[in-house]
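As structure tokens, this is what we get:
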């Protein structure tokens, strides 16, 4: 099975046994965290080894993470942390550049923003 990512990339989950995918999907639908999914008794059986995964499920954290990305429609290897980092980097680039900041601040027409430093707060 392949699922289309947000940028048109495909992420393959066919290496994850179908019963494992079904358990992960069910728990993702229930809003469980990755840690809660890995602590689930069915997942623990897959990880330790059973008839579905005789040698044990290898890299269970990566498989749960990959299933979450596919389910949420996120692209390839980009994680939520990557997306957050990009958003913070963009915000910092705007805030640290005076021209970009003024342009951003001017988008809110109702707000009067005074960037001047009060006389009593100026460095000595």
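In this note's numbering, the protein residues as written are 112 to 235.
Quick reminder that beta carbons are idealized off the backbone N, C-alpha and C, glycines included.
For residue i, the three-state DSSP class (helix, strand or coil)
| i | result |
| --- | --- |
| residue 208 | coil |
| residue 126 | coil |
| residue 218 | coil |
| residue 228 | coil |
Rounded C-alpha distance that separates residue i from residue j
| i | j | result |
| --- | --- | --- |
| residue 208 | residue 191 | 26 Å |
| residue 202 | residue 194 | 12 Å |
| residue 199 | residue 217 | 20 Å |
| residue 122 | residue 129 | 16 Å |
| residue 127 | residue 204 | 40 Å |
| residue 182 | residue 161 | 25 Å |
| residue 213 | residue 197 | 21 Å |
| residue 145 | residue 210 | 42 Å |
| residue 169 | residue 184 | 24 Å |
| residue 155 | residue 179 | 18 Å |
Classification of residue i by the beta-carbon crowding that lies within 10 angstroms, buried from 16 upward
| i | result |
| --- | --- |
| residue 158 | buried |
| residue 148 | buried |
| residue 206 | exposed |
| residue 229 | exposed |
| residue 165 | exposed |
Does the count of Cβ pairs from the segment 122-140 and the segment 172-182 closer than 8 Å reach three?
Counting C-beta pairs closer than 8 Å gives three or more between the segment 122-140 and the segment 172-182, which meets the contact rule.
Runs of beta strand (DSSP E) lying entirely within the segment 141-215, each at least 3 residues, in chain order:
Counting whole runs of 3 or more residues, the segment 141-215 contains no beta strand (DSSP E) stretch at all.
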